[in-house]
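Counted from 1, the sequence shown has number 227 at position 228 by numbering that gives the first Met the number 0; the numbering is strictly sequential. The beta carbon of each residue, even a glycine, is placed where N, CA and C say it ideally should be. These numbers come from a predicted model, not from an experiment. One structure is given here, and the rest of the page talks about it.
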Amino acid sequence: MKQTKPYLCLGIESTAHTFGASVVSGDGNVLSNERKLFTTETGGIVPQQAAEHHVQICEEIIQSALEKAKKSIKDIKLVSFSQSPGLGHCLRIGGMVARSLASIHKKDLIGVNHCIAHLEIGRLATKAKDPVLLYASGANTQVIAYEGGKYRIFGETLDMGTGNFIDTFARILGLGFPGGPKIYELSLKGKNFIPLPYTVKGMDVAFSGILTNLEQKFRSGKFSKEDLAFSMQETVFAMLVEVAERAMAHTGKEELLLGGGVACNKRLQEMAKIMCEERGAKCFIPPNEFLVDNAAMIAWQGILQYNAGDRLKIEKAKVDPYLRTDDVKVTWR
Ligand code: ATP
Ligand code: FE2
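This is the structure in structure tokens:
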């Protein structure tokens, strides 16, 4: 009997620093996953500059994703892109590229929600079935789970994302961007725990007060960078793990999935595993390439929605920088 080959989706990610392109097959094989990060010496992101970076490298990244997958644009059936949420300037570049490719090459088009894509690629990569997602990235920090037909946000940051908080702290200490890995290295040399404000409000967290406190402590000259980095991680990751655990208790779910670049941090991974072990739950951690912003998750999310019958008309393909996770209509579960 003739076997039909699974179709291919080209996914495009451009919500913030990262421009990515990836080819994924309908049966969940990631054939390529290319990305390039907009970085600066001083750390901050100027949306227009990031968008300009994406314009300059988009062709190269898409070409490279096709080459690595040993495919040409002719082999692609479907183009998916991050339609929400994110920085408007950056989202629009990915949206424009996806719309152009779909219309010039006559491909089907799907727009996806970036936060939900983090959860779905995690399910694909780890075989978690129905997890609570602790999603901690640069701009986003949310605890998300599927309940009552939607992806609900059970808790979130009330001010900045965990990654932006850690990167700002790193900048105060004089470390470059991205600060997350450097802070982790420093924390391993920390010996003394310094008490810091611990800000959990119900299922939400906040970081600005902790940041001010850390800056004051650092400028006082009384504390070492190493001890501050160590104490920051212990405090902030305990907050994240606490709200994730509360969401698990509330929903009765027995799986935790990590997502977002901050989840690459080995100490956060360790704390999440300990919490899960203590409550007899499972902890799922995808490989780093699927934790940070990546286009494979956008391609896979596109496939899930396409299989569920979603189609996006080019004239409806406007990006939505502020769409909330719980406003997304879920057709694929
Ligand atoms: P978005 O909020 O749109 O997802 P983003 O592009 O900032 O935005 P990510 O790539 O998911 O998000 O995460 C970036 C964060 O992850 C940064 O704060 C960075 O310092 C941190 N990070 C990345 N890699 C590591 C690592 N290996 N160890 C610790 N932290 C890391
Ligand atoms: Fe992300």
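Residue i Cβ short of 6 Å to the ligand ATP heavy atom set
i	result
Gly260	yes
Pro180	yes
Gly275	A small fix is needed here, since residue 275 is Cys in this sequence, not Gly. Cys275 Cβ: outside cutoff for every heavy atom of the ligand ATP.
Cys89	no
Pro177	yes
Ala15	yes
Tyr150	no
Ile165	yes
Asn32	no
Gly162	yes
Tyr321	no
Asn112	no
Asn306	no
Tyr183	yes
Asn139	yes
heavy atom of the ligand FE2 below 6 Å from residue i C-beta
i	result
Asp309	no
Asp226	no
Asp354	This structure does not reach residue 354, given that the chain is present from 0 up to 332, and the question cannot be answered.
Ser136	yes
Beta-carbon proximity of residue i to residue j, cut-off 7 Å
i	j	result
Met270	Phe236	yes
Thr14	Leu90	yes
Phe283	Leu256	yes
His83	Gly93	Here residue 83 is Ser; the residue named in the question, His, does not match the sequence. No.
Gly308	Ser79	no
Met159	Phe206	yes
Arg151	Asp325	yes
Arg278	Gln232	no
Thr234	Leu195	yes
Gly137	Gly154	no
Val327	Ile115	yes
Val240	Gly260	no
Leu7	Lys76	yes
Ile44	Phe18	no
Glu314	Met274	no
His113	Gly258	no
Ala262	Ala135	yes
Close Cβ partners of residue i (< 7 Å) along its chain, the five nearest in sequence each way excluded
i	result
Gln304	Ile109, Val111, Thr330, Trp331
Lys224	Leu172, Leu185
Phe217	Ile171, Leu172, Leu227
Asp129	Tyr145, Lys252, Glu254
His104	Ile72
Ala295	Gly10, Ser21, Val23, Val29, Asn32, Ile120, Phe289
Ser63	Glu33
Leu65	Val22, Ser71, Ile72
Ala199	In the sequence on display, residue 199 carries Val and not Ala. Cβ within range, chain order: Met238, Glu241, Val242.
Ser102	Ile313
Contacting residues, own chain, Cβ-Cβ under 8 Å from residue i (five flanking each side not counted)
i	result
Ala124	Pro285, Pro286, Phe289
Leu213	Phe168, Ile171, Leu195, Leu227, Met231
Pro46	Leu86, Gly87, His88, Cys89
Ala49	Ala15, His16, Phe37, Leu86, His88, Cys89
Gly208	Pro196, Thr198
Own chain residues within Cβ distance below 6 Å of residue i, not counting five before or after
i	result
Thr156	Thr140, Val204
Lys67	Ser31
Glu276	none
Gly178	Ile165, Asp166, Ala169
Ala97	Ile11, Val78, Phe80
Tyr183	Asn264
Leu311	Leu108, Ile109, Gly110
Leu100	Val78
Gly27	Leu123
Residue i Cβ short of 6 Å to the ligand PLP heavy atom set
i	result
Asn264	With respect to small molecules bound, the structure shown includes the ligand ATP and the ligand FE2 and not the ligand PLP.
Within-7 Å CB hit, residue i to chain D
i	result
Val29	In the structure shown, chain D does not exist; there is a single protein chain.
- Task: With a floor of 4 residues, list each alpha helix (DSSP H) that falls wholly inside the stretch 82-156, ordered by position along the chain.
- Result: 87-104, 113-125
- Message: Contact between the stretch 142-151 and the stretch 184-192 is defined here as three or more beta-carbon pairs at a separation below 8 Å; is this criterion met?
- Response: no
- Task: Could you pull out every unbroken alpha helix (DSSP H) segment of at least 4 residues lying fully inside the stretch 182-239, listed in chain order?
- Result: 207-218
- Where are the beta strand (DSSP E) runs, 3 residues long or more, that stay fully inside the stretch 35-83, in chain order? 77-83
- Message: Could you tell me which whole alpha helix (DSSP H) segments of length 4 or greater appear in the stretch 228-313?
- Response: 265-277, 287-290, 295-306
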